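Chemist: For reference, each letter of the sequence shown is one residue, going 171 to 434 in this note's numbering.
The beta carbon of each residue, even a glycine, is placed where N, CA and C say it ideally should be.
If you're wondering where the values come from, they're calculated on a predicted model, not measured in any experiment.
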Amino acid sequence: MKELFELTGKVSLVTGGTHGIGMAIARTLAKAGAKVCVNDIDQEKLDNCKKEFQSEGIDVYTLLFDVTDEDAVDKGISQIEEEVGDIDILVNNAGIIKRIPILDMPVSDFKQVIDIDLVAPLIMAKRVAPKMLEKREGKIINICSMMSVYGRNSVSAYAAAKGGLKLLTQNMTCEWAKYNVQVNGIGPGYIATAQTAPIRVGGHPFNDLVMTRTPANRWGEPSDVGNAALFLASKAADFVNGQVLYVDGGILANFGYVKGENDL
Numbered sequence: 171m172k173e174l175f176e177l178t179g180k181v182s183l184v185t186g187g188t189h190g191i192g193m194a195i196a197r198t199l200a201k202a203g204a205k206v207c208v209n210d211i212d213q214e215k216l217d218n219c220k221k222e223f224q225s226e227g228i229d230v231y232t233l234l235f236d237v238t239d240e241d242a243v244d245k246g247i248s249q250i251e252e253e254v255g256d257i258d259i260l261v262n263n264a265g266i267i268k269r270i271p272i273l274d275m276p277v278s279d280f281k282q283v284i285d286i287d288l289v290a291p292l293i294m295a296k297r298v299a300p301k302m303l304e305k306r307e308g309k310i311i312n313i314c315s316m317m318s319v320y321g322r323n324s325v326s327a328y329a330a331a332k333g334g335l336k337l338l339t340q341n342m343t344c345e346w347a348k349y350n351v352q353v354n355g356i357g358p359g360y361i362a363t364a365q366t367a368p369i370r371v372g373g374h375p376f377n378d379l380v381m382t383r384t385p386a387n388r389w390g391e392p393s394d395v396g397n398a399a400l401f402l403a404s405k406a407a408d409f410v411n412g413q414v415l416y417v418d419g420g421i422l423a424n425f426g427y428v429k430g431e432n433d434l
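#1: Only counting runs of 4 or more residues, tell me where the alpha helix (DSSP H) segments fall wholly within the stretch 301-365, in order along the chain.
#2: Taking C-alpha atoms, which residue in E222, K332, I421, G357 lies nearest to L402?
#3: Just to confirm, are D287 and L335 a CB contact at a threshold of 8 Å?
#4: Cα-Cα, which of Q340, S278, E252, I267 is closest to N323?
#5: So which of L183, A347, V395, V206 has the shortest CA-CA distance to R297?
#6: By how many angstroms is the C-alpha of A386 removed from the C-alpha of D433?
#7: Excluding the five sequence neighbours on either side, which residues of its own chain have a C-beta within less than 8 Å of the C-beta of G333, listed in chain order?
#8: What are the boundary residues of the alpha helix (DSSP H) that includes V395?
#9: State the beta-bridge partners of T185 as determined by DSSP.
#10: What does the alpha-carbon distance come out to for the pair D212 and L234?
#11: Could you tell me the distance, in whole angstroms, from the CA atom of A200 to the CA atom of E251?
#12: Check T238 in the structure and name its three-state DSSP category.
#13: Helix, strand or coil for I267? Go by DSSP, reduced to three states.
#14: CB-CB under 7 Å to M342, same chain, minus the five flanking residues each way: which ones, in chain order?
#15: Going by DSSP in three states, L177 sits in which element: helix, strand or coil?
#16: Using DSSP bridges, identify the partner residues of I442.
#17: Going by DSSP, which residues form a beta bridge with T232?
#18: Specify, as a first and last residue, the run of the beta strand (DSSP E) that V417 falls within.
#19: What span of residues does the alpha helix (DSSP H) with L199 cover, start to end?
And the structure:
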């Protein structure tokens with residue numbers, strides 16, 4: 171059974187993998203034996219990521235490039251191919267969110283979110299997929315969202331991008347599954363990261379919302395998402411195609427859940 175989740179010799183690239191969910195995914199893949207590459211647009215974050223991984227005994231290959239720039243993507247991936255090897259596992263994790271009501275959101279901001287959260291995964295996949303198709307083996311994991319299936323106030327661009335990413339995942343599957351390339355997504359729920367720390371304090375309205383609406387009665391950990399990525403990157407998922415695996419503690423299954431009211 172261990173061989174199903176063994177990634178020794180595989181080369182993985184996690185975009186935006188210097189912190190939070192992306193870093194957790196990179197860490198999990200590395201512990202399963204993969205050679206891990208991480209990109210970001212911030213050199214300081216890349217340096218800090220490398221130091222943290224090295225302190226854990228993990229060797230990580232870091233690259234500075236913008237996932238929305240086709241030329242930069244081509245140069246970055248070419249560098250990985252030359253110095254590490256062909257990419258076997260691509261995790262499209264880089265993304266941003268802008269919480270602005272629709273009527274107040276400049277179109278330029280809307281386009282920026284779409285470019286990073288939806289167009290960039292297409293650019294990345296188009297660059298790595300040809301060799302995967304040629305080898306008839308590969309894994310592409312797109313980090314989607316619960317907002318791939320529903321909207322929320324003030325996140326129109328993000329929800330539009332993540333909804334599009336879910337359908338892009340399915341369309342990649344329709345074209346590439348016959349070449350033994352599995353394309354799937356992960357939809358994280360509310361995850362305890364540095365970014366969510368300010369709203370996870372007791373008494374904060376959003377923390378109360380998460381804790382009362384999530385049947386698992388907790389925030390998710392980045393490692394929860396990392397474990398899902400390991401499954402989708404492994405042989406265990408060789409017949410899993412075009413799916414979005416929601417790692418959300420059950421919140422999508424029962425958004426009407428209220429702690430206390432539904433407990434037996």
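Modeler: Working from what's here:
#1: 326-346
#2: For the purposes of this step, residue 402 is taken as residue 232 along the sequence shown, with counting starting at 1. Ranking E222, K332, I421, G357 by Cα distance to L402 puts G357 first.
#3: One-based indexing of the sequence shown puts residue 287 at position 117. One-based indexing of the sequence shown puts residue 335 at position 165. The answer is yes: Cβ separation under 8 Å.
#4: Residue numbering aside, residue 323 sits at position 153 when the sequence shown is read from its first letter. Looking at the Cα atoms, I267 is the closest of the given residues.
#5: The count along the sequence shown starts at 1 and reaches residue 297 at position 127. The option with the nearest alpha carbon to R297 is L183.
#6: Within the sequence shown, the letter at position 263 stands for residue 433. Within the sequence shown, the letter at position 216 stands for residue 386. Note that D433 has pLDDT 49, beneath the 50 cutoff, so the model's placement of it is unreliable and the number below is only indicative. Approximately 11 Å, taken between the alpha carbons.
#7: As a position in the sequence shown, residue 333 is number 163, starting the count at 1. Here the set comprises M317, S318, V319.
#8: Here residue 395 refers to the residue found at position 225 when the sequence shown is read from its first residue. Taken as a continuous stretch (DSSP letters only), the alpha helix (DSSP H) holding V395 covers 392-403.
#9: Residue mapping note: residue 185 aligns to position 15 of the sequence shown, counting from 1. According to DSSP, which records beta bridges pairwise, T185 is partnered with N209.
#10: Reading the sequence shown from its first residue, position 42 is the one you call residue 212. Reading the sequence shown from its first residue, position 64 is the one you call residue 234. The straight-line gap from Cα to Cα measures roughly 7 Å.
#11: As a first step, residue 200 must be located in the sequence shown, where it is residue number 30. As a first step, residue 251 must be located in the sequence shown, where it is residue number 81. Their Cα atoms are separated by approximately 18 Å.
#12: Locating residue 238 in the sequence shown gives position 68, counting from the first residue. T238 falls in the coil class under three-state DSSP.
#13: Locating residue 267 in the sequence shown gives position 97, counting from the first residue. Here I267 sits in coil by DSSP.
#14: Looking up residue 342 in the sequence shown gives position 172. Here the set comprises A295, I310, V353.
#15: Position 7 of the sequence shown, counted from the first residue, corresponds to residue 177. It is coil, neither helix nor strand.
#16: Residue numbering for the chain in the displayed model covers 171 to 434; residue 442 lies beyond these limits and cannot be assessed.
#17: Position 62 of the sequence shown holds residue 232. Answer is V208.
#18: Locating residue 417 in the sequence shown gives position 247, where the first residue counts as 1. Unbroken beta strand (DSSP E) run through V417: 414-417.
#19: Walking along the sequence shown from the start, residue 199 turns up at place 29. Here the alpha helix (DSSP H) through L199 covers 190-201.
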